[in-house]
Amino acid sequence: MFTAIGVMVGIAVVIGVVLGWSAIRFKVEGNPLAEKIDAILPQTQCGQCGFPGCKPYAEAIAKGEADINQCPPGGEDGVKKLAELLGVEPKPLDETHGTPKPKSVAFIDEQTCIGCTLCIQACPVDAIVGAAKQMHTIVAAECTGCELCLPPCPVDCISMVPIAEDLPHWKWKHPVVMIKQLATEEHA
Amino acid sequence: MSRELFKFKGGVHPPEHKAESNARPIHPAPLPKKLVIPLRQHIGNPAKPVVAVGDPVKKGQMIAEADGYISTAVHASSSGIVTAIDLQPVPHISGLPDLCITIETDGHDEWIDRKPLDLHTEPSKLRMQLRDMGLAGLGGAVFPSAVKLDPGAAHPCPTLIINGGECEPWITCDDVLMRTHADEILQGVAIMRHLLGCSEILVGIEDNKPEAIAAMRDAAARMDFAVEVVAVPARYPGGGAKQMIQVLTGKEVPSGKLSTDIGIQVFNVGTTYALARAVHHGEPLISRLVTVTGHVLRPQNFEVLIGTPMHTLITLAGDRDGTTGVLMGGPMMGVPMPNLEVPVVKATNCLLVKSAELFPPLPKALPCIRCTRCAEACPAELQPQELYRFAKAGDFGRAQEYHLFDCIECGCCSYVCPSHIPLVDYYRYAKSEIWAREKDKRASDLARERHEFRLYRQEREKKEKAEKLAAKAQAKRAELAAEPAAQGAPSDADAKKALIAAALARAQAKKAEIAPKNTDNLSPVTQQEIEEIEARRAKIRELARQPLESDEKKT
Numbered sequence: 144m145f146t147a148i149g150v151m152v153g154i155a156v157v158i159g160v161v162l163g164w165s166a167i168r169f170k171v172e173g174n175p176l177a178e179k180i181d182a183i184l185p186q187t188q189c190g191q192c193g194f195p196g197c198k199p200y201a202e203a204i205a206k207g208e209a210d211i212n213q214c215p216p217g218g219e220d221g222v223k224k225l226a227e228l229l230g231v232e233p234k235p236l237d238e239t240h241g242t243p244k245p246k247s248v249a250f251i252d253e254q255t256c257i258g259c260t261l262c263i264q265a266c267p268v269d270a271i272v273g274a275a276k277q278m279h280t281i282v283a284a285e286c287t288g289c290e291l292c293l294p295p296c297p298v299d300c301i302s303m304v305p306i307a308e309d310l311p312h313w314k315w316k317h318p319v320v321m322i323k324q325l326a327t328e329e330h331a
Numbered sequence: 002m003s004r005e006l007f008k009f010k011g012g013v014h015p016p017e018h019k020a021e022s023n024a025r026p027i028h029p030a031p032l033p034k035k036l037v038i039p040l041r042q043h044i045g046n047p048a049k050p051v052v053a054v055g056d057p058v059k060k061g062q063m064i065a066e067a068d069g070y071i072s073t074a075v076h077a078s079s080s081g082i083v084t085a086i087d088l089q090p091v092p093h094i095s096g097l098p099d100l101c102i103t104i105e106t107d108g109h110d111e112w113i114d115r116k117p118l119d120l121h122t123e124p125s126k127l128r129m130q131l132r133d134m135g136l137a138g139l140g141g142a143v144f145p146s147a148v149k150l151d152p153g154a155a156h157p158c159p160t161l162i163i164n165g166g167e168c169e170p171w172i173t174c175d176d177v178l179m180r181t182h183a184d185e186i187l188q189g190v191a192i193m194r195h196l197l198g199c200s201e202i203l204v205g206i207e208d209n210k211p212e213a214i215a216a217m218r219d220a221a222a223r224m225d226f227a228v229e230v231v232a233v234p235a236r237y238p239g240g241g242a243k244q245m246i247q248v249l250t251g252k253e254v255p256s257g258k259l260s261t262d263i264g265i266q267v268f269n270v271g272t273t274y275a276l277a278r279a280v281h282h283g284e285p286l287i288s289r290l291v292t293v294t295g296h297v298l299r300p301q302n303f304e305v306l307i308g309t310p311m312h313t314l315i316t317l318a319g320d321r322d323g324t325t326g327v328l329m330g331g332p333m334m335g336v337p338m339p340n341l342e343v344p345v346v347k348a349t350n351c352l353l354v355k356s357a358e359l360f361p362p363l364p365k366a367l368p369c370i371r372c373t374r375c376a377e378a379c380p381a382e383l384q385p386q387e388l389y390r391f392a393k394a395g396d397f398g399r400a401q402e403y404h405l406f407d408c409i410e411c412g413c414c415s416y417v418c419p420s421h422i423p424l425v426d427y428y429r430y431a432k433s434e435i436w437a438r439e440k441d442k443r444a445s446d447l448a449r450e451r452h453e454f455r456l457y458r459q460e461r462e463k464k465e466k467a468e469k470l471a472a473k474a475q476a477k478r479a480e481l482a483a484e485p486a487a488q489g490a491p492s493d494a495d496a497k498k499a500l501i502a503a504a505l506a507r508a509q510a511k512k513a514e515i516a517p518k519n520t521d522n523l524s525p526v527t528q529q530e531i532e533e534i535e536a537r538r539a540k541i542r543e544l545a546r547q548p549l550e551s552d553e554k555k556t
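Below you can see the structure in the form of structure tokens.
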């Protein structure tokens, strides 16, 4: 019996040493879960979730400090993906954090702009070009549509323009719609 | 002609309907009053306009230049005045407008100065000249031809295949072109051979076009290099590039690779003809053959200027009552046109006018019973029933694992489906959804990168500001320390005192220098007062000097 205990203890010690060593040797820097969550988030950096950017929100989710349904730009789709990643039930978007809007980009009315640079300071992705007392403009390709530049503007010269569908951005639609229409026509 | 032929898997035999349109001679379509020429007629970047509204243009003049490597130029199809550069409806299933150049024709049809290209110029230069000739693949993909004519250092291209398959039902433009312009097609082949350095040249033509095969063989016999014209069994989609390669050579293009990776380049006969016109006659690609067939009075092929509105062709061929729609392309792969005002473009090989008798509406789609008939018909050897399942469920990752992007959208699966499911529509949907997501992913990666850089920049600016302030304070302290240091005062407190003393001394010296201006004629009383004040001041000065003196004593 003592031999058996001895063997078990011996195995335990060996495994313990190996595990302890590998915990130090193969230590993962940062929080891999937060990074995975961050990859799902839409990176608008709009702060509607209540955190200053997508990464802090991802970290909060990873720590269990925030719910998965606080990101309106991500929409229901984003919530579903987060739920899948975290192995929890998807839930409807929390309306208190805002509702999903069609994708849009900010547009500065250059006639009204007074060149105060307040929007430049507010833009989370540095997508506004301009200088003090110079006209500002938006780099549309880099604008995430976060709307953070709207409140600081003292002359309300920024508006959100929805991205219109054009040929390069056109998508084939899901064909089911057509089948359903046919079916209802037949029944009618 | 004892070449061993191979078979590709799958394929279907739809009714051919070629005889309707291939008997009539090619009819040049009349010059329209207005040409609308889209700038996005090819794969790659749309061309950039080089003319302005109001400019007069001649036939064949470049009106938009290639933008980047994978792009090609666009030319005026006739002479006239540029009246607009704006968004116009284009032949696309969505019906969305795109940037077009509108030319009001003047009826003179006056050419630019056409100069044949010199074949002996450096190949890279010649390719740029061909790019400026607006050449793009006329078989349907409209890929810029100049790019395909670059053999590249890594891929020698020993085999050149000229594709005269034209497997899609109803279409006969390649058939008629081969019958009438076989010599010029082979002149184009000679140019390709020169640029690519091919040793083996095969022309694949489906055996339902005996006249075309005979004409091409006649012309091939007159060439000074070996061209093998091969009759391949007619089976849809035998005219697909990958299928044609497999039938002629037995080689399969690996998934996700190009035919050039296995040393084969494929060109459509129409492209070859256009190349010959460009090189030997200096004519850019401004017209093409278009089959107008289906529910029309006189189905035939027209030589059409790019930019001609589609409805004029249908009127020419004789429109009939009971039209239920028009497809651009054939019945298998064609796309319905939202309206007929749209212009003919480089990709327009056929206008197929539909009627209820010729194309009865499909019955309602039924659920998939997983009979796998689609898998038997699929020439790309995919599992269409699985792709359908994943696409329908939005499981695009799995669809990609099942090689969705190897699907050539030939429509064989939809054709054989007993449940009449529009399978190809699902694949197109899945493909465009995947592309859109990739685009979104790139955009969000860019946003993340920019946001992180902004945070880093703000941190850096804060640090730089703090450093600057610290440096400024440091400099002042050093300056303060400098004077007493000269006098040999080591401690900070001493330095401060010394500075204060020095400042005082300076102030006194200044005061002493200033001579009061009203002191010339003073009454004795005033003089006495002044003297008293001076004495008091001297006392204060004495007092102020004392600590300094004591300091000096200390040192």
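Top line first, the protein sequences correspond to chains A and B. Numbering-wise (this note's numbering), the first sequence opens with residue 144 and increments by one. Numbering-wise (this note's numbering), the second sequence opens with residue 2 and increments by one. Glycine included, each C-beta is placed from N, C-alpha and C at the ideal position. Because the structure is a prediction, the values reported are computed rather than measured.
Pairwise C-alpha distance: B/E480 and B/A490: Within the second sequence, numbered from 1, the residue matching residue 490 of chain B stands at position 489. Within the second sequence, numbered from 1, the residue matching residue 480 of chain B stands at position 479. Residue confidence is low: B/A490 scores 47 on pLDDT, short of 50, so the model does not pin down where it sits. Its coordinate-derived value is still stated next. Distance between the alpha carbons of B/A490 and B/E480: 14 Å.
Taking only beta carbons into account, state which residues of the stretch 441-459 of chain B come closer than 7 Å to chain A, listed in chain order. S445, L447, A448, R449, R451, H452 and R455
So, are the CB atoms of B/I214 and B/I206 less than 8 Å apart? Position 213 of the second sequence, counted from the first residue, corresponds to residue 214 of chain B. Position 205 of the second sequence, counted from the first residue, corresponds to residue 206 of chain B. The answer is yes: Cβ separation under 8 Å.
Any beta carbon from chain A within less than 8 Å of B/S200's own beta carbon? Taking the second sequence and counting its residues from 1, one reaches residue 200 of chain B at position 199. False, the Cβ-Cβ gap to chain A never drops below 8 Å.
Given this structure, state the Cα-to-Cα distance separating B/P515 from B/K469, to the nearest angstrom. Here residue 515 of chain B is taken as the residue at index 514 of the second sequence, counted from 1. Here residue 469 of chain B is taken as the residue at index 468 of the second sequence, counted from 1. What sits at residue 515 of chain B in the sequence shown is Ile, not Pro. Cα to Cα, the separation comes out at about 41 Å.
Would a check of beta-carbon distances place A/T280 closer than 8 Å to chain C? In the structure shown, chain C does not exist; the protein chains are A and B.
Near-chain A residues of the stretch 74-106 of chain B - C-beta to any C-beta below 7 Å: H93, S95, L97 and D99
For B/Y237, does the three-state DSSP call read helix, strand or coil? Numbered from its first residue, the second sequence carries residue 237 of chain B at position 236. Reduced to three states, the DSSP call for B/Y237 is strand.
Cα-Cα separation between B/M334 and B/S256, rounded to whole angstroms: Here residue 334 of chain B refers to the residue found at position 333 when the second sequence is read from its first residue. Here residue 256 of chain B refers to the residue found at position 255 when the second sequence is read from its first residue. Roughly 21 Å between the two C-alpha positions.
CA-CA distance, B/A235 and B/A378? Sequence index remark: in the second sequence, residue 235 of chain B carries index 234 (1-based). Sequence index remark: in the second sequence, residue 378 of chain B carries index 377 (1-based). Whole-angstrom Cα-Cα distance: 15 Å.
Where DSSP assigns a beta bridge to B/P344, which residues make up the other side? In the second sequence, the residue the question calls residue 344 of chain B occupies position 343. According to DSSP, B/P344 bridges with B/P310.
Beta carbons nearer than 7 Å to chain A: which residues of the stretch 424-440 of chain B have them? D426, Y427, R429, Y430, S433, E434 and A437
Members of the stretch 39-64 of chain B near chain A, C-beta cut-off 9 Å: R41 and P47
Return the bridge partner residues of B/R289 from the DSSP annotation. Walking along the second sequence from the start, residue 289 of chain B turns up at place 288. Its beta-bridge partners are B/V305.
Looking only at its own chain, which residues have a Cβ that is under 8 Å from the Cβ of B/A366, when we skip the five neighbours before and after it? The sequence position of residue 366 of chain B within the second sequence is 365, counting from 1. S420, H421, I422 and P423, listed in sequence order.
Taking A/D309 as the query, report the chain B residues whose CB atoms sit under 9 Å from its CB, ordered along the chain. Here the question's residue 309 of chain A lines up with position 166 in the first sequence. Neighbours of A/D309 on chain B, chain order: L88, L97, P98 and D99.
Near-chain B residues of the stretch 262-295 of chain A (beta-carbon distance less than 7 Å), N- to C-terminal order: P267, V268, D269, E285 and T287
Alpha carbon to alpha carbon, how far is A/P233 from B/C418? Here the question's residue 233 of chain A lines up with position 90 in the first sequence. Here the question's residue 418 of chain B lines up with position 417 in the second sequence. If you take the alpha carbons of A/P233 and B/C418, they lie about 36 Å apart.
A/Q188 versus chain B: which residues are under 7 Å apart at the beta carbon? The sequence position of residue 188 of chain A within the first sequence is 45, counting from 1. Residues of chain B passing the Cβ test: A448 and H452.
What in chain B is Cβ-close to A/P318, meaning under 7 Å? On the first sequence, residue 318 of chain A is found 175 positions in, with the first residue counted as 1. Within 7 Å Cβ-Cβ: P423, D426, Y427 and Y430.
When burial is assigned at 16 or more other CB atoms within 10 Å of the CB, is A/K170 buried or exposed? Residue 170 of chain A sits at position 27 when you count from the first residue of the first sequence. Flag for A/K170 reads exposed.
Interface residues of chain B around A/K314 at Cβ under 7 Å? Working through the first sequence from its first residue, we reach residue 314 of chain A at position 171. S433, E434 and A437, listed in chain order.
B/Y427 and B/Y389 - do their beta-carbons sit closer together than 8 Å? Position 388 of the second sequence holds residue 389 of chain B. Position 426 of the second sequence holds residue 427 of chain B. Cβ atoms of B/Y389 and B/Y427: closer than 8 Å.
Checking contacts by CB at 8 Å: is A/G196 closer than that to chain B? On the first sequence, residue 196 of chain A is found 53 positions in, with the first residue counted as 1. Judged by the 8 Å Cβ criterion, A/G196 is in contact with chain B.
Are the C-beta atoms of A/P175 and some chain B residue less than 8 Å apart? One-based indexing of the first sequence puts residue 175 of chain A at position 32. Not closer than 8 Å to any Cβ of chain B, the Cβ of A/P175 fails to qualify, so no.
For B/I265, the residue or residues it bridges with in DSSP: Here residue 265 of chain B refers to the residue found at position 264 when the second sequence is read from its first residue. Paired residue(s): B/T160.
Under a Cβ-count criterion, where at least 16 other Cβ atoms within 10 Å of its own Cβ denotes burial, should B/Q547 be classed as buried or exposed? The residue labelled residue 547 of chain B in the question sits at position 546 within the second sequence. Under this definition B/Q547 is an exposed residue.
DSSP three-state label for B/G224, please. Taking the first residue of the second sequence as 1, we reach residue 224 of chain B at position 223. With the sequence shown as reference, residue 224 of chain B is identified as Met, and Gly is not the correct amino acid for it. In the structure shown, B/M224 sits in coil (DSSP, three-state: anything other than H, G, I, E or B).
Identify, in the order they occur along the chain, each residue of the same chain with its Cβ nearer than 6 Å to the Cβ of B/R132, setting aside the five sequence neighbours on each side. Working through the second sequence from its first residue, we reach residue 132 of chain B at position 131. So the qualifying residues of the chain are A67, T73 and A147.
Going by other Cβ atoms of all chains shown within 10 Å of its Cβ, with 16 needed for buried, is B/A472 buried or exposed? Numbered from its first residue, the second sequence carries residue 472 of chain B at position 471. Exposed, because fewer than 16 other Cβ atoms sit within 10 Å of the Cβ of B/A472.
Determine the direct distance from the alpha carbon of B/T309 to that of B/D322, and round the result to whole angstroms. As a position in the second sequence, residue 322 of chain B is number 321, starting the count at 1. As a position in the second sequence, residue 309 of chain B is number 308, starting the count at 1. Distance between the alpha carbons of B/D322 and B/T309: 23 Å.
For a test of the three-state rule: what should DSSP assign to B/A508, helix, strand or coil? As a working note, residue 508 of chain B is residue 507 in the second sequence. Here B/A508 sits in helix by DSSP.
Quick check: the stretch 355-364 of chain B against the stretch 176-189 of chain B, are there 3 or more CB pairs under 8 Å? no
For A/P305, three-class secondary structure by DSSP: Against the first sequence, residue 305 of chain A aligns to sequence position 162. Three-state DSSP puts A/P305 in a strand.
Is the distance from the Cβ of A/I306 to the Cβ of A/K244 below 8 Å? Taking the first sequence and counting its residues from 1, the one referred to as residue 306 of chain A is at position 163. Taking the first sequence and counting its residues from 1, the one referred to as residue 244 of chain A is at position 101. Not in contact: A/I306 and A/K244 (Cβ atoms no closer than 8 Å).
How would you list, in chain order, the residues of chain B whose beta-carbon sits under 9 Å from the beta-carbon of A/P243? Reading the first sequence from its first residue, position 100 is the one you call residue 243 of chain A. Residues of chain B passing the Cβ test: none, with the nearest at roughly 14 Å.
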